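Numbered according to the numbering used here, the sequence shown spans residues 44 to 447.
Positions of the beta carbon are idealized from the N, C-alpha and C atoms, including for glycine.
Computed from a predicted model, the values in this text were never measured in an experiment.
Worksheet: one structure, shown below.
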Amino acid sequence: MKILMFGWEFPPFNSGGLGTACMGLTRGLKNANVEVTFVLPRKVDLDVDFLKFVYGDEFSGIKNYYAVNSLLQGYSTSENYNDRVFSEGEKMPALYGKDLFEEVERYALIGGEIAKNEDFNLIHAHDWLTYKAAINAKKISGKHLVIHVHATEFDRTGGNNINQEVYEIEKKGMEEANSIIAVSNFTKQKIIENYGISPEKIKVVHNAVDFEDYALGEVHKLKKTKKVVLFLGRLTLQKGPDYFIYAAKKVSEHYPDVVFVVSGSGDMEKAIIKKVAEMGLADKFIFTGFLRGKDINEAYRMADLYVMPSVSEPFGITPLEALRCETPVLISNQSGVSEILNHCLKADFWDVDEFANKIVSVLKYNELYRCLRENGSKEIKNLNWNEPAKRCAEIYEELLRGKK
Numbered sequence: 044m045k046i047l048m049f050g051w052e053f054p055p056f057n058s059g060g061l062g063t064a065c066m067g068l069t070r071g072l073k074n075a076n077v078e079v080t081f082v083l084p085r086k087v088d089l090d091v092d093f094l095k096f097v098y099g100d101e102f103s104g105i106k107n108y109y110a111v112n113s114l115l116q117g118y119s120t121s122e123n124y125n126d127r128v129f130s131e132g133e134k135m136p137a138l139y140g141k142d143l144f145e146e147v148e149r150y151a152l153i154g155g156e157i158a159k160n161e162d163f164n165l166i167h168a169h170d171w172l173t174y175k176a177a178i179n180a181k182k183i184s185g186k187h188l189v190i191h192v193h194a195t196e197f198d199r200t201g202g203n204n205i206n207q208e209v210y211e212i213e214k215k216g217m218e219e220a221n222s223i224i225a226v227s228n229f230t231k232q233k234i235i236e237n238y239g240i241s242p243e244k245i246k247v248v249h250n251a252v253d254f255e256d257y258a259l260g261e262v263h264k265l266k267k268t269k270k271v272v273l274f275l276g277r278l279t280l281q282k283g284p285d286y287f288i289y290a291a292k293k294v295s296e297h298y299p300d301v302v303f304v305v306s307g308s309g310d311m312e313k314a315i316i317k318k319v320a321e322m323g324l325a326d327k328f329i330f331t332g333f334l335r336g337k338d339i340n341e342a343y344r345m346a347d348l349y350v351m352p353s354v355s356e357p358f359g360i361t362p363l364e365a366l367r368c369e370t371p372v373l374i375s376n377q378s379g380v381s382e383i384l385n386h387c388l389k390a391d392f393w394d395v396d397e398f399a400n401k402i403v404s405v406l407k408y409n410e411l412y413r414c415l416r417e418n419g420s421k422e423i424k425n426l427n428w429n430e431p432a433k434r435c436a437e438i439y440e441e442l443l444r445g446k447k
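Have a look at this one:
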């Protein structure tokens with residue numbers, strides 16, 4: 044079976060969980076004997092042996108006419124997207140960069156042209172940035188389309204001030220798709236409620252964590268002297284960094300000997316740093332900025348507890364990554380990952396008192412820490428990408444059989 048897959052980013056050139064999920068899934072599909080041709084907007088230096096890449100800016104059919112300028116930013120939700128694109132000019136306060144929609148349109152043209160020249164049985168597209176390209180590929184080829192919903196506009200904005208253009212692209216993609224993969228039941232319900240899609244059209248395939256080329260590193264020296272609580276993710280409304288600092292304030296009142304590490308960047312970064320200072324917590328916080336690769340694993344290994352207080356998290360791969368590093372996790376109930384994790388702590392994102400109480404409990408009670416660490420580490424070993432990939436392959440086969 045051959046799949047033409049449209050993505051927007053791929054590790055190590057990724058801004059978050061979308062690229063990580065794409066890599067894990069395509070590796071798993073290789074193990075399931077599915078051949079993937081993965082389309083990216085532009086060429087980047089990737090050393091991957093389990094799939095074929097096609098780059099929009101190198102495609103001979105339209106190379107001289109369309110050059111997609113994507114920076115491979117999967118969500119494009121922070122100020123630094125604009126910083127990287129524009130050296131001067133007005134900064135955009137919105138979630139999306141000035142020319143992101145233009146890039147999406149160019150990618151759509153490339154998608155249709157690539158479909159004329161590639162050999163494939165079915166199309167698979169990841170998130171709204173790729174939907175127009177995939178729809179064009181479907182129209183050109185007549186092949187079935189599967190879209191993979193990793194997040195919706197309602198997740199990214201918290202349901203407030205959604206971008207209507209993004210919403211329309213998402214809705215069109217869902218309507219044009221022959222089948223929809225949602226990363227959780229949480230996400231499936233949002234699709235049904237907000238986009239009017241039939242439940243029968245939506246299949247739930249939970250994400251997983253990649254164990255390939257991974258090894259536990261040394262424990263960071265900070266952990267040997269202090270208790271460390273980690274937030275790692277985009278500093279955006281969706282991820283709840285403000286709830287993290289409010290909980291940190293309460294924790295520090297009951298357990299002073301603690302350091303809070305915030306790893307990530309986003310449009311709330313300056314406001315969060317300012318708020319920490321105003322709350323008198325500057326000496327309790329370390330801001331690392333955006334991390335990649337081994338630095339991410341080092342951050343997890345440094346922490347006594349990883350906290351994910353997301354307001355609306357379609358899935359949330361980071362808790363799985365933390366458990367892979369033998370770090371206990373506390374996660375929001377408003378997340379897809381909470382559907383599959385048992386050996387962790389959970390709370391509603393808005394319940395700052397509950398978050399604080401559970402953080403203090405892990406820091407104070409060694410037996411609780413040990414239990415979460417050991418059982419979580421065992422549980423995570425079963426959450427690899429082979430099962431999600433197998434389920435995706437079954438969805439492909441169901442569509443192809445129905446077409447015959």
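So residue i packs on residue j, CB below 8 Å; how close in whole Å?
i	j	result
isoleucine 178	glycine 216	7 Å
valine 252	glutamate 364	6 Å
lysine 246	isoleucine 438	6 Å
histidine 169	phenylalanine 93	In fact, because the Cβ distance is near 17 Å, the residues do not count as touching under 8 Å.
alanine 4	leucine 188	Residue 4 is absent from the structure shown; the chain starts at 44 and stops at 447.
aspartate 53	glycine 67	The amino acid at residue 53 is misidentified as aspartate; the sequence shows phenylalanine. The pair is not a contact, with the Cβ atoms about 11 Å apart (cut-off 8 Å).
lysine 293	aspartate 394	So it is not a contact: roughly 11 Å between Cβ atoms.
asparagine 449	alanine 432	Limits of the chain in this structure are 44 at one end and 447 at the other, which puts residue 449 out of reach.
leucine 443	tyrosine 298	Contact flag wrong, Cβ pair sits at about 56 Å.
When you compare each of the options to residue i by their alpha carbons, which one comes out closest?
i	options	result
leucine 273	Ala290, Leu280 and Gln281	Ala290
isoleucine 183	Tyr210, Ser306, Phe197 and Asn160	Asn160
alanine 64	Lys270, Trp428, Ser404 and Leu275	Trp428
lysine 214	Arg199, His193 and Asn237	Asn237
aspartate 162	Ser420, Thr80 and Leu275	Thr80
leucine 72	Val405, Leu442 and Arg434	Arg434
serine 420	Leu426, Glu440, Val405 and Leu366	Leu366
asparagine 340	Glu218, Asn400 and Phe254	Phe254
glycine 60	Gly276, Thr268, Glu101 and Glu146	Gly276
threonine 268	Lys244, Arg149, Asp300 and Tyr286	Asp300
serine 441	Glu101, Lys244 and Asp100	One point to set straight first is that residue 441 is glutamate, not serine, in the sequence displayed. It is Lys244.
isoleucine 288	Asp338, Arg413, Thr361 and Ile402	Ile402
Taking the C-alpha atoms as reference points, what is the distance between residue i and residue j?
i	j	result
aspartate 391	phenylalanine 398	8 Å
leucine 12	valine 350	Given a span of 44 to 447 for the chain in the structure shown, any question on residue 12 remains unanswerable.
asparagine 295	serine 375	In the sequence under discussion, the amino acid at residue 295 is serine, which differs from the asparagine named in the question. If you take the alpha carbons of serine 295 and serine 375, they lie about 20 Å apart.
alanine 308	glycine 445	Sequence inspection shows serine at residue 308; the alanine mentioned does not correspond to that position. The alpha-carbon atoms of serine 308 and glycine 445 are separated by roughly 45 Å.
histidine 451	phenylalanine 229	This structure does not reach residue 451, given that the chain is present from 44 up to 447, and the question cannot be answered.
glutamine 377	serine 58	22 Å
methionine 44	lysine 233	31 Å
aspartate 142	threonine 195	20 Å
tyrosine 98	leucine 415	43 Å
serine 130	leucine 47	Its pLDDT being 32, under 50, serine 130 is placed unreliably in this model, and the value from its coordinates should be taken loosely. Spanning the two alpha carbons is a distance of roughly 35 Å.
lysine 270	isoleucine 315	21 Å
aspartate 198	valine 192	11 Å
isoleucine 223	proline 242	10 Å
alanine 436	glutamate 430	10 Å
glycine 332	glycine 323	21 Å
threonine 279	glycine 154	30 Å
lysine 334	isoleucine 423	Checking the sequence, you will find leucine at residue 334 rather than lysine. Those two C-alpha atoms are separated by around 22 Å.
aspartate 89	phenylalanine 96	Per the sequence shown, residue 89 should be read as leucine rather than aspartate. The alpha-carbon atoms of leucine 89 and phenylalanine 96 are separated by roughly 9 Å.
alanine 342	threonine 69	26 Å
isoleucine 212	serine 227	21 Å
arginine 149	methionine 311	30 Å
aspartate 285	asparagine 164	45 Å
asparagine 425	isoleucine 383	11 Å
valine 91	proline 362	25 Å
glutamate 78	isoleucine 235	31 Å
asparagine 400	glycine 336	32 Å
Taking 7 Å as the limit between beta carbons, can you name the residues of its chain near residue i, skipping five residues before and five after?
i	result
glycine 239	none
alanine 151	Lys175, Ala176 and Asn179
serine 353	Gln281, Lys282, Gly283, Gly359, Ser375, Gln377, Ser378 and Phe392
phenylalanine 328	Phe303, Val305 and Val319
tryptophan 171	Val209, Ile212, Glu213 and Gly216
phenylalanine 330	Val305 and Ile316
glutamate 101	Lys86
Under a CB-based cut-off of 7 Å, is residue i close to chain B?
i	result
lysine 246	Protein chain content of the structure displayed is limited to a single chain, and chain B is not contained in it.
Note down, in chain order, each residue of its chain lying with its Cβ closer than 6 Å to the Cβ of residue i, except the 5 sequence neighbours on either side.
i	result
leucine 115	Reliability of the predicted coordinates at leucine 115 is poor, the pLDDT of 39 falling under 50, and the value obtained from them is presented with this limitation in mind. Excluding positions up to five away in sequence, the list reads Glu52 and Phe56.
serine 381	Ile374 and Lys389
asparagine 418	His386
Within its chain, find whatever has a CB closer than 8 Å to the CB of residue i; leave out the 5 residues flanking it on each side and keep chain order.
i	result
isoleucine 166	Ile46, Leu47, Met48, Phe49, Ala158, Ala177, Ala180, Lys181, Ser184, Lys186, His187, Leu188 and Val189
glutamate 208	Phe144
asparagine 107	Summary for asparagine 107: the model assigns pLDDT 41, below 50, so the residue's position carries little reliability, and this model does not support an answer.
tyrosine 408	none
alanine 325	Val319
Exercise for review: Decide yes or no for the touch test of the segment 203 to 210 against the segment 71 to 89: beta carbon pairs closer than 8 Å, at least 3 of them.
Suggested key: Three or more beta-carbon pairs separated by less than 8 Å are not found between the segment 203 to 210 and the segment 71 to 89, which leaves the two stretches without contact.
Point to revise | Touch test, the segment 367 to 385 against the segment 332 to 349, Cβ-Cβ under 8 Å, three pairs minimum | key: The segment 367 to 385 vs the segment 332 to 349: in contact.
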